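Please read the structure below before turning to the comments.
Residue numbers (my numbering): 53 to 423.
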């Protein structure tokens, strides 16, 4: 290589390094999503959680919208309060996925935070949640809570993708528990171990890397460029989904999802250690009334409607008293016209969490735990 060419290459390399350094410096001044840093899940540490005693920043998209700052407590869950095994007050465990994790809103505005504030003289409210967790993972947290904190009540928030995604055949996120289907016999719960890769740990220290991965989702673009660009350039119509799941699924998948629900209820008494009257389910819904007759018909025939109805029916047959959140959401929307989710994100906003918290406070479970 000639000295002239080498000089050009050196200038280019220096320019790239300088640009990356400037980008890193600038992004460190901005609310880039910090991530929650999931910890290893294995035989010695069988329950999914995040790095304990840490603060985090949450933001969405390339524009860093919906900025929120929160805290991960001593047990590794998003909660402003540390968990204690020997405290005097009884424990209520609130279990769910990203709706209970609620990383995009201040903790006091979340369902767990609202319950903790309302019940602070009577009950400690401990939340166990992570984005993407399904019913099968809820069982793992219920058992962990029973063994560690002996809760006197449990609240589960159930959403659209909790059903089929409880099955190993349809989802395999590392760190979670799933039901493995068998040709004969009931589904069995299986843990998928997780060990954070060294390169992930290193990249977490870089604001530029976190921006590319957590805000821009560039890792998905690299792993699956065809589907990534298809979702950007030709997204499916909104009426192809309901409850954040496809409107229709194959009969095989639908039947498998129902087997997961039945397996969940078979396992729940032993895993939770609680009778039905001390367990409450909040079942998310469509939230808003149908805009026309066509949408009303489409809803009734869809996968989400079928699974919601099935879950509520099985719960009632087994002695539980589930709350259909649509019984609260839809009348409220008709009266006041306020939305329960974010304009740029389908999760509950502060109002949605407030109504969920009020549903719990007005339920028979509250009367049970005071006995």
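Ideal Cβ positions, reconstructed from N, Cα and C, are used throughout, including at glycine.
Please read all numbers here as calculations on a predicted model, not as lab measurements.
- In the pairwise beta carbon analysis, the region 354-374 is classified as touching the region 295-306: at least three pairs are separated by under 8 Å.
- In this structure, DSSP gives residue 109 an extended state, which the three-state scheme calls strand.
- The bridge partners DSSP lists for residue 334 are 209 and 375.
- Under the DSSP definition of a beta bridge, residue 122 partners with 108.
- With a cutoff of 9 Å on beta-carbon distance, residue 227 and residue 93 are scored as near each other.
- Taking every protein chain shown into account, the CB of residue 229 has 16 or more other CB atoms within 10 angstroms, so this residue is buried.
- For residue 241, the enclosing beta strand (DSSP E) starts and ends at 240-243.
- Linking residue 240 to residue 64 through their CA atoms gives a straight-line distance of about 56 Å.
- Residue environment: residue 304 is assigned as exposed (fewer than 16 neighbouring CB atoms within 10 Å of its CB, all protein chains considered).
- Annotation: the continuous beta strand (DSSP E) that includes residue 179 extends over 176-181.
- One thing to note: residue 320 has its Cβ within 9 Å of the Cβ of residue 194.
- The C-beta separation of residue 386 from residue 341 comes to about 6 Å, placing the pair in contact by the 8 Å criterion.
- The straight-line gap separating the alpha-carbon atoms of residue 117 and residue 155 is approximately 13 Å.
- The C-beta of residue 312 has 16 or more other C-beta atoms within 10 Å across all chains shown, which makes the residue buried.
- Here residue 190 carries a helix assignment [DSSP, helix/strand/coil].
- By the CB criterion at 9 Å, residue 132 and residue 125 fall inside the cutoff.
- In the DSSP assignment, residue 398 falls within the unbroken beta strand (DSSP E) covering 397-400.
- Contact annotation: the region 197-214 touches the region 135-147, with at least three C-beta pairs closer than 8 Å.
- Shown here, residue 144 sits in a strand according to DSSP, grouped into three states.
- Around the beta carbon of residue 399, 16 or more other beta carbons lie within 10 angstroms, which makes this residue buried.
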